[in-house]
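Undergrad: Those protein sequences? They're chains Y and A, same order as listed. With the first letter of the first sequence counted as 1, position 96 gets the number 96 in the numbering used here; the numbers rise by one all the way through. With the second sequence counted from 1, adding 172 to any position gets you the numbering used here.
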Amino acid sequence: MKKIMFGATCVLLVSAAASAQTFTIPERIERLAAKARDAVNITLDGPLLQLASQFLNSSNSDERVAKDVISKLKSIHVRTFEFDRDGEYSDSDLDAIRAQLKGPTWARVLESKEPGERTQIFVKQDRNELGGLVILAAERRELSIVIIDGAIDLKRLSALSGNFGIPKFESR
Amino acid sequence: MNPLDDELRRALRRVDAPEGFADRVRARIEATTAVARVTNSGWVKTAVALAATLAIMAGGTWYRAEEQRRAQGEEAKRQVLLSLNIAGNKLRAIEMKVNHREDR
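1. Residues of the segment 83 to 110 of chain Y in Cβ contact with chain A at a cutoff of 8 angstroms, in chain order, please.
2. Please classify G260 (chain A) as buried or exposed, where buried requires at least 16 neighbouring CB atoms within 10 angstroms.
3. For I70 (chain Y), which residues in chain A fall below 8 angstroms Cβ to Cβ?
4. Is the CB of I121 (chain Y) under 9 angstroms away from at least one CB in chain A?
5. My output table needs one value for K217 (chain A): the three-state DSSP class, helix, strand or coil.
6. Run through DSSP, which three-state label would S144 (chain Y) get?
7. Can you check whether the CB of K72 (chain Y) is closer than 9 angstroms to the CB of A151 (chain Y)?
8. Under three-state DSSP, which class holds I42 (chain Y)?
9. Return the residues of the segment 238 to 251 of chain A that lie within a Cβ-Cβ distance of less than 9 angstroms from chain Y, sorted by chain order.
10. Alpha carbon to alpha carbon, how far is T24 (chain Y) from D93 (chain Y)?
11. Going by the CB atoms, is the gap between N41 (chain Y) and V186 (chain Y) shorter than 9 angstroms?
12. With a cut-off of 8 angstroms on the beta carbons, I'd call G116 (chain Y) and E139 (chain Y) a contact; round off their distance for me.
Here it is in structure tokens:
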């Protein structure tokens, strides 16, 4: 009986730790901004997402979809860097992020390697729905990291691209 | 004498004031002066000025906080839209790349 109780406690602790996971962007990634020609640095946690939601206009169809998408999110981290030269970062710079995706709930669903390019997509399984998404896209002169924590619909997210009157983000 | 003179004389004839009229007038003047003394005293003026200053300061603080919240909200909204835009574009680009590779 004691063994069963201990096992159940362990399972509860592990699942609680997994659901309470917060991502940290390694310092060596943050330092890449100094070398980059162009960089985007966005970190939005729960309170900021709630605040943004209040300013998204429900009468605008695009913003309504965005509002709906972020309503179930816990946090968003985006880092993109564009460099003038090759070799400004190394693939190992991303290891600290990959290490945070080794829990039982995270699974790598895509791995694509070509000369000078590596793309990985990880998803978090939260009960029977997608509980998070991480995109690591590394090219010779471009590095993109997208971490979305929370329930997300990939089809809706994909359909959102190029909307909102935002200049389209160039991704090769 | 014409009738108008008679009428004027009747209207302007001397009439004695009712008894105690002068005392009542003096009492009322005194009471009014006392109220004026209170409202014109220094501490009331200071209190009114202080209350007005506090009200203006509170209004200013609220307005600044509201402006700051609005600016933060607009910036958060911009970042949300940009994040979703980047994520969506990356997903589409990866999808296209994978599909293209499968077609080859």
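We put the CB at the ideal spot given by N, CA and C, even for glycine. Predicted model only: the values in this text are computed from it and were never measured.
TA: Checking against the coordinates, here is how it stands:
1. L110
2. Buried is the call here.
3. V252 and L256
4. At least one chain A Cβ lies under 9 angstroms of I121 (chain Y).
5. helix
6. Strand, per DSSP.
7. yes
8. strand
9. R241, R242, Q244, G245, E246, E247, A248, K249, R250 and Q251
10. 13 angstroms
11. There is no way to answer for residue 186 (chain Y), as the model of chain Y reaches only from 1 to 172.
12. 7 angstroms
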